[in-house]
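Q: Below are the structure tokens for one structure; questions will follow.
There are 2 protein chains.
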Amino acid sequence: MNGLRIGETMDEKPHFATDDDVIPQVCRACEARHGGICSVLNGSQLAVLNKQSSKRTIDPGTEVVGQGENVNSYSNILRGVVKLSKMMADGRQQIVGLQFAPDFLGRPFSRESSLTAEAATATEICAFPRAAIERMIADTPGLEHKLYGQSLKELDEARDWMLTLGRKTAREKVASFLHLIATHIDPEADDGCTFDLPLSRADIADFLGLTIETVSRQMTKLRKEKVILVENNRHVTVPDIDRLNEAAGND
Amino acid sequence: MNGLRIGETMDEKPHFATDDDVIPQVCRACEARHGGICSVLNGSQLAVLNKQSSKRTIDPGTEVVGQGENVNSYSNILRGVVKLSKMMADGRQQIVGLQFAPDFLGRPFSRESSLTAEAATATEICAFPRAAIERMIADTPGLEHKLYGQSLKELDEARDWMLTLGRKTAREKVASFLHLIATHIDPEADDGCTFDLPLSRADIADFLGLTIETVSRQMTKLRKEKVILVENNRHVTVPDIDRLNEAAGND
DNA sequence: CCCCGGCTTTGACTTTAATCAAGGAATGAG
DNA sequence: CTCATTCCTTGATTAAAGTCAAAGCCGGGG
Chain A
1 MNGLRIGETM
11 DEKPHFATDD
21 DVIPQVCRAC
31 EARHGGICSV
41 LNGSQLAVLN
51 KQSSKRTIDP
61 GTEVVGQGEN
71 VNSYSNILRG
81 VVKLSKMMAD
91 GRQQIVGLQF
101 APDFLGRPFS
111 RESSLTAEAA
121 TATEICAFPR
131 AAIERMIADT
141 PGLEHKLYGQ
151 SLKELDEARD
161 WMLTLGRKTA
171 REKVASFLHL
181 IATHIDPEAD
191 DGCTFDLPLS
201 RADIADFLGL
211 TIETVSRQMT
221 KLRKEKVILV
231 ENNRHVTVPD
241 IDRLNEAAGN
251 D
Chain B
1001 MNGLRIGETM
1011 DEKPHFATDD
1021 DVIPQVCRAC
1031 EARHGGICSV
1041 LNGSQLAVLN
1051 KQSSKRTIDP
1061 GTEVVGQGEN
1071 VNSYSNILRG
1081 VVKLSKMMAD
1091 GRQQIVGLQF
1101 APDFLGRPFS
1111 RESSLTAEAA
1121 TATEICAFPR
1131 AAIERMIADT
1141 PGLEHKLYGQ
1151 SLKELDEARD
1161 WMLTLGRKTA
1171 REKVASFLHL
1181 IATHIDPEAD
1191 DGCTFDLPLS
1201 RADIADFLGL
1211 TIETVSRQMT
1221 KLRKEKVILV
1231 ENNRHVTVPD
1241 IDRLNEAAGN
1251 D
């Protein structure tokens, strides 16, 4: 990105340590210290945040924040998949994003959530009080930079998905979804990856703007054409990611 | 938002002026100094930027940036409407956002544009070289904060639109579009607003994930039901914005 | 082990929007 | 003014996805 400091740890160098250099014990092995927002914080900032943070495990299907609710905490996703969705008054629902570890969960500077965040799989988060984060953002430009970066990434993803929702066929939509999951869950495998779907057919339908039945039919077709292999409904193998990508309409 | 300085002008106060207080002549009446990113810059910063900036008028249908092109400048929209769109290899297109004055146009920290920006109406922009803005972002936290704010706004809008694309009927989509334009072009009018559509039927179709014919049919229906009045294809009057909002599925 | 519940698949039929095909207004050039 | 072009509307037909209904699969509890 630009010239801002990325907050590398100085653990290795033997020198006279200050508070800023000491990483709290619980943070050391934490996923969020890698790619997450905590990677731009120094030791004393981590210590401050850590004192107010609480780790929570969330069962699939449990809401983290509800649409229209007041938000009093933000969090880092440490494990699992969180779905962000919007609901219309008559119950129609659309999933507008999926978040994976170590994403930051929450929309800064907005008291009321315009969407629902719900665990799709077993999920672990590290939650902070609203005020603690906002104070830290205000006097840590690097943190705001990091958050800005995530929001730009989410914006790119949202716009990609708008193309999928508006212009792709049911078949292409399902293939696009499988491709999205494949590249997020099994990022290294360029060829022949395998994973468990984090979403039920109903969730997939809500993500793709389709019905359960249509998702099921298209999955069956892709299976019969050997673009994917499916075991036990949830477990998918993609023998050739390029073929899947082609089925998704990305030439 | 938070406690960051919003960069108010000090023109009025009689005191010993520094360079920072003097607003360049051309910026004084500029829309971007109001809500745009220039509102967080001081006089000397505006002067620096101003020296490298160029105002340009862009005809409808002209590309500002092309999908896949390298980006070497960013700009402020001073007048008009810019459409952001994505195209698939086979020509299917989706408009993924509309930008109005005084929005900032460009995606910081990405060399290559993932979308096309094209003037929808006669548009005026103030363009800056890439490097000038990025340097200024790096040492002006208030500027990055402002840009972050715009990106969060765009993300909210993108997600709202995902619900429209994925879950609304053709009628609701068209009504949603009209509502969006009504609230952006004629923001004060709570009741009985009137405006010119900035987009052709083809563009509206590309924004809504529909065909031209379906857009036209739904416009006709809404006209026959007196939800809207249409003159000369482009000029629309909304007698009751709540009825339009209801037709858009927002109860 | 079997039964029950939820999730998923499959089939028959309906509905919505897309496609194909004319025809009609508005705009601009000559 | 007239013609040509582009944009928009309307109608008839088709295709894609939705709805309704039933049956299969899988996992957990008794």
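Protein chains in written order, with the working numbering: chain A, 1 to 251; chain B, 1001 to 1251. Glycine included, every Cβ here is placed at the ideal spot set by N, Cα and C. Only a predicted model underlies this, so the values are computations on that prediction, with no experimental measurement involved.
(1) Relative to the C-alpha of residue 1241 of chain B, which candidate in B:1141, B:1183, B:1200 and B:1157 has its C-alpha closest?
(2) Reducing DSSP to helix, strand and coil, say where residue 1135 of chain B ends up.
(3) Less than 7 Å separating the beta-carbons of residue 150 of chain A and residue 104 of chain A?
(4) Along the stretch 139 to 167 of chain A, what residues have a CB closer than 8 Å to any CB found in chain B?
(5) Determine the direct distance from the alpha carbon of residue 118 of chain A to that of residue 69 of chain A, and round the result to whole angstroms.
(6) List, from N- to C-terminal side, the alpha helix (DSSP H) runs of 4 residues or more that fit wholly inside the stretch 141 to 212 of chain A.
(7) Is the beta carbon of residue 1197 of chain B closer than 7 Å to that of residue 1234 of chain B?
(8) For residue 252 of chain A, list the residues DSSP reports as bridge partners.
(9) When you compare the CB positions of residue 1081 of chain B and residue 1100 of chain B, do they come within less than 7 Å of one another, or not?
(10) Can residue 1045 of chain B and residue 1206 of chain B be called in contact, C-beta distance under 7 Å?
(11) In chain order, what residues of the stretch 103 to 116 of chain A put their CB closer than 9 Å to some CB of chain B?
(12) Compare the C-beta of residue 89 of chain A with all C-beta atoms of chain B and state if any pair is closer than 7 Å.
(13) For residue 1009 of chain B, name the three-state secondary structure that DSSP assigns.
(14) Distance check for residue 41 of chain A and residue 7 of chain A, CA to CA, integer angstroms please.
(15) Over the uninterrupted alpha helix (DSSP H) stretch that includes residue 28 of chain A, give me the two end residues.
(16) With a CB to CB cut of under 6 Å and the five nearest residues on each side skipped, what residues in its chain are close to residue 186 of chain A?
(17) When you compare each of A:106, A:58 and A:158 to residue 79 of chain A by their alpha carbons, which one comes out closest?
(18) Below 7 Å on C-beta distance, what does residue 1086 of chain B contact in chain A?
(19) Here's the rule I'm using: 16 or more other beta-carbon atoms within 10 Å means buried, otherwise exposed. How should residue 91 of chain A be labelled?
(20) Can you give me the Cβ contacts of residue 1171 of chain B inside the same chain, cut-off strictly under 8 Å, excluding the 5 residues immediately before and after it?
(21) State the DSSP-derived secondary structure class of residue 231 of chain A, mapped to helix, strand or coil.
(22) Going by beta carbon distance, what residues of the same chain come within less than 8 Å of residue 3 of chain A, once the five residues before and after it are set aside?
(23) If you check the beta carbons only, do residue 37 of chain A and residue 75 of chain A fall under 7 Å apart?
(24) Nearest to residue 123 of chain A by CA position, among A:87, A:62 and A:237, is which residue?
(25) Answer yes or no: do residue 1147 of chain B and residue 1136 of chain B have a C-beta to C-beta separation smaller than 7 Å?
(26) Determine whether the beta carbon atoms of residue 1227 of chain B and residue 1201 of chain B lie at a separation below 7 Å.
(27) Would you call residue 254 of chain A buried or exposed, if buried means 16 or more other Cβ atoms sit within 10 Å of its Cβ?
(28) Report the option in A:216, A:87 and A:50 whose CA atom is closest to the CA atom of residue 1249 of chain B.
A: In brief:
(1) Within the second sequence, residue 1241 of chain B is the residue found at index 241, counting from 1. Minimum Cα distance to residue 1241 of chain B is reached at B:1183.
(2) Here residue 1135 of chain B is taken as the residue at index 135 of the second sequence, counted from 1. Reduced to three states, the DSSP call for residue 1135 of chain B is helix.
(3) Translated into positions along the first sequence, residue 150 of chain A becomes position 150. Translated into positions along the first sequence, residue 104 of chain A becomes position 104. Yes, Cβ-Cβ distance for residue 150 of chain A and residue 104 of chain A is below 7 Å.
(4) 141, 144, 145, 147, 148, 149, 151, 152, 154, 155, 156, 158, 159, 160, 161, 162, 163, 165, 166 and 167
(5) Translated into positions along the first sequence, residue 69 of chain A becomes position 69. Translated into positions along the first sequence, residue 118 of chain A becomes position 118. Each residue's Cα considered, the two are about 13 Å apart.
(6) 141 to 167, 170 to 185 and 201 to 208
(7) Along the second sequence, read from residue 1 onward, the residue named residue 1234 of chain B stands at position 234. Along the second sequence, read from residue 1 onward, the residue named residue 1197 of chain B stands at position 197. Against a cut-off of 7 Å, the Cβ pair of residue 1197 of chain B and residue 1234 of chain B comes out as a contact.
(8) With chain A represented from 1 up to 251, any question about residue 252 of chain A goes unanswered, as that position is not in the structure.
(9) What you label residue 1081 of chain B is simply residue 81 of the second sequence in a count that begins at 1. What you label residue 1100 of chain B is simply residue 100 of the second sequence in a count that begins at 1. Contact: yes.
(10) In the second sequence, the residue the question calls residue 1045 of chain B occupies position 45. In the second sequence, the residue the question calls residue 1206 of chain B occupies position 206. Cβ distance not < 7 Å, so residue 1045 of chain B and residue 1206 of chain B don't count as in contact.
(11) Taken in chain order, the members of the stretch 103 to 116 of chain A whose beta-carbon sits within less than 9 Å of a beta-carbon on chain B are 107, 108, 109, 110, 114 and 115.
(12) Here residue 89 of chain A refers to the residue found at position 89 when the first sequence is read from its first residue. Interface residue, yes.
(13) Your numbering for residue 1009 of chain B matches position 9 in the second sequence. For residue 1009 of chain B, the predicted structure reports a pLDDT of 42, less than 50, and the residue's modelled location is therefore unreliable. A value from the coordinates is still provided. Annotated three-state conformation of residue 1009 of chain B is coil, per DSSP.
(14) Residue numbering aside, residue 7 of chain A sits at position 7 when the first sequence is read from its first letter. Residue numbering aside, residue 41 of chain A sits at position 41 when the first sequence is read from its first letter. Only weak support is given to the placement of residue 7 of chain A: the predicted model assigns it a pLDDT of 39, under 50, and the question is left unresolved by the model.
(15) One-based indexing of the first sequence puts residue 28 of chain A at position 28. That run of the alpha helix (DSSP H) goes 25 to 28.
(16) Taking the first residue of the first sequence as position 1, residue 186 of chain A is located at position 186. For residue 186 of chain A, where only same-chain residues beyond five positions count, the Cβ hits under 6 Å are 193 and 195.
(17) Here residue 79 of chain A refers to the residue found at position 79 of the first sequence. When only C-alpha atoms are compared, the closest one is A:58.
(18) Within the second sequence, residue 1086 of chain B is the residue found at index 86, counting from 1. Near residue 1086 of chain B (Cβ distances below 7 Å), the residues of chain A are 159 and 163.
(19) As a position in the first sequence, residue 91 of chain A is number 91, starting the count at 1. Exposed, since its Cβ has fewer than 16 Cβ neighbours within 10 Å.
(20) As a working note, residue 1171 of chain B is residue 171 in the second sequence. So the list reads 1218, 1221, 1222 and 1247, once near-sequence residues are dropped.
(21) Here residue 231 of chain A corresponds to residue number 231 of the first sequence, with the count starting at 1. In the structure shown, residue 231 of chain A sits in a strand (DSSP, three-state: E or B).
(22) The count along the first sequence starts at 1 and reaches residue 3 of chain A at position 3. Because the pLDDT of residue 3 of chain A is 40, which lies under 50, any placement of that residue in the model is unreliable, and the question is left without a value.
(23) Within the first sequence, the letter at position 37 stands for residue 37 of chain A. Within the first sequence, the letter at position 75 stands for residue 75 of chain A. In this structure, residue 75 of chain A does not lie closer than 7 Å to residue 37 of chain A by Cβ.
(24) The residue given as residue 123 of chain A occupies position 123 in the first sequence. When only C-alpha atoms are compared, the closest one is A:62.
(25) Position 147 of the second sequence, counted from the start, is the residue given in the question as residue 1147 of chain B. Position 136 of the second sequence, counted from the start, is the residue given in the question as residue 1136 of chain B. Taking 7 Å as the Cβ cut-off, residue 1147 of chain B and residue 1136 of chain B do not qualify as a contacting pair.
(26) As a working mapping, residue 1227 of chain B is identified with position 227 in the second sequence. As a working mapping, residue 1201 of chain B is identified with position 201 in the second sequence. No, Cβ-Cβ distance for residue 1227 of chain B and residue 1201 of chain B is not below 7 Å.
(27) A query on residue 254 of chain A cannot be resolved here, the shown segment of chain A reaching from 1 to 251 and no further.
(28) The sequence position of residue 1249 of chain B within the second sequence is 249, counting from 1. That would be A:87, whose Cα lies nearest to the Cα of residue 1249 of chain B.
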